[in-house]
Amino acid sequence: MTNERRVLVHPDKQALTGSVAARFLTKTVDIIDDLGGANIVLTGGTVGIGVLQAVNDSPARDSVDWSKVHFWWGDERWVPKGDADRNELAARQALLDNIAVPPGNVHPFAASDELDDLDAAAVAYADELAAYAADGARYPRFDITFLGVGPDGHIASLFPDRAGIRETDATVVAVRDSPKPPPERLSLTRPVLNSSDRIWLVLAGDDKASALGLALAGASYTEVPVAGAKGRKRTVFFVDQDAAAQVPANLIAPSY
Ligand SMILES: O=C1O[C@H](COP(=O)(O)O)[C@@H](O)[C@H](O)[C@H]1O
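If you read the sequence shown in UniProt numbering, its first letter stands for residue 1, the second for the next number, and so on.
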């Protein structure tokens, strides 16, 4: 098995989200068969939530034993629990509220009306990760990590030329200077994201083409964070044609 990065191009965003949803359902069933359970890291963003909606709409949705799946988040915006900006809320509305996942298997970051302090929320999530880790580890084995990608190349809440993307010690960072609103956020760090067996990046639209092209051309991950995303076994970019506009043809794998 190779862990080279692959780019799978789809005609449009709807085809992309449907295809990723189908793969996700099949792969999750396989992971549960092999390992007894699955840890999935979710993303916010338009395509990430579109994938969850497509999973929800799939006739195969209930082929997964959701009681064996734990859901985590790669990042969260520091807003109140019911705020429309919250990645957790969007994921719950798109999928999690509609499947038989036990509440204790869902691991959201704290919200700004639950804890006073952003640093305390980062520590709380680091503790939650550690509570589900194998002996001696600081976070669980992650099977699939979804990442959206911003037009500036950010992944999770790790932004270009900010401290978070350089962090290699902490598992969770408090972000206070996000160039994309809201400014305060929480994020897993790059080593934790990259510990995942599979990273599935999901992005669509011509505003993402430059970041994707630069990342695949070898840009520095401190300048284009998506360039530094690499899973232990697989790293797949699921993109639409618009986002793929600057991807070298030799990197595009057949997707069907
Ligand atoms: O703020 C965020 O943005 C990115 C990408 O979002 P998109 O709407 O441009 O696809 C997302 O991956 C991240 O989780 C989120 O907090």
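Glycine is no exception: its CB is placed at the ideal position from the N, C-alpha and C atoms.
Same chain, Cβ closer than 6 Å to T17, neighbours up to 5 away in sequence not counted = G50, V51 and A54
With a CB to CB cut of under 6 Å and the five nearest residues on each side skipped, what residues in its chain are close to E167?
-> V173 and T189
State the DSSP-derived secondary structure class of L118, mapped to helix, strand or coil.
-> helix
N56 and L95 look like a contact to me (Cβ under 8 Å); what is the Cβ gap, rounded to whole Å?
-> 5 Å
Heavy atom of ligand 1 within 7 Å of D75 beta-carbon | yes
Would you mind sorting S67 into buried or exposed? The rule is 16 or more other CB atoms within 10 Å of its CB.
-> exposed
Contact check, S112 vs P80 under 8 Å by CB: the rounded distance?
-> 6 Å
Terminal residues of the continuous alpha helix (DSSP H) containing A170?
-> Per DSSP, A170 belongs to no alpha helix (DSSP H) and is neither H nor E.
When burial is assigned at 16 or more other CB atoms within 10 Å of the CB, is P108 buried or exposed?
-> buried
Since V202 and A211 are thought to touch, with beta carbons under 8 Å apart, how far apart are those beta carbons, to the nearest angstrom?
-> Not really, about 13 Å apart at Cβ, beyond 8 Å.
Cβ shell of A130 (< 6 Å), same chain only, five flanking positions each side left out = R138
L147 - containing beta strand (DSSP E), residue span = I144 to G148
Test item: CB-CB of R185 and E76 under 8 Å = yes
Measure from the alpha carbon of D169 to the alpha carbon of each residue in P179, L193 and L147, then state which is nearest.
-> L193
Which residues in the same chain have their Cβ closer than 7 Å to the Cβ of Y256, if we skip the five residues on either side of it in sequence?
-> Any reading at Y256 must be qualified, since the residue scores a pLDDT of 47, below 50, and its modelled position is unreliable; the value itself is stated next. Contacts found: none.
Residues near V247 by beta carbon distance below 7 Å, same chain, minus five either side | V7, L212, G213 and L216
For W200, the three-state DSSP class (helix, strand or coil) | strand
How big is the Cα-Cα spacing for N105 and V41?
-> 12 Å
Do you know how far the Cα of V175 is from the Cα of V9?
-> 32 Å
Taking F24 as part of the beta strand (DSSP E), name the residues at either end of that continuous run.
-> Unbroken run through F24 is the alpha helix (DSSP H), K13 to L35; no beta strand (DSSP E).
The beta strand (DSSP E) spanning D240 covers which residue range?
-> R234 to D240
Note down the Cα distance separating I99 from A91, rounded to an integer number of angstroms.
-> 12 Å
Inter-residue spacing [alpha-carbon to alpha-carbon] between T43 and K180 = 15 Å
Answer with buried or exposed for K13, where buried requires no fewer than 16 other C-beta atoms within 10 angstroms of its C-beta.
-> buried
Classify A90 as helix, strand or coil using the three-state DSSP reduction.
-> helix
Residue closest to W200, alpha-carbon to alpha-carbon, out of A120, G82 and R234 | R234
Is L95 helix, strand or coil by DSSP?
-> coil
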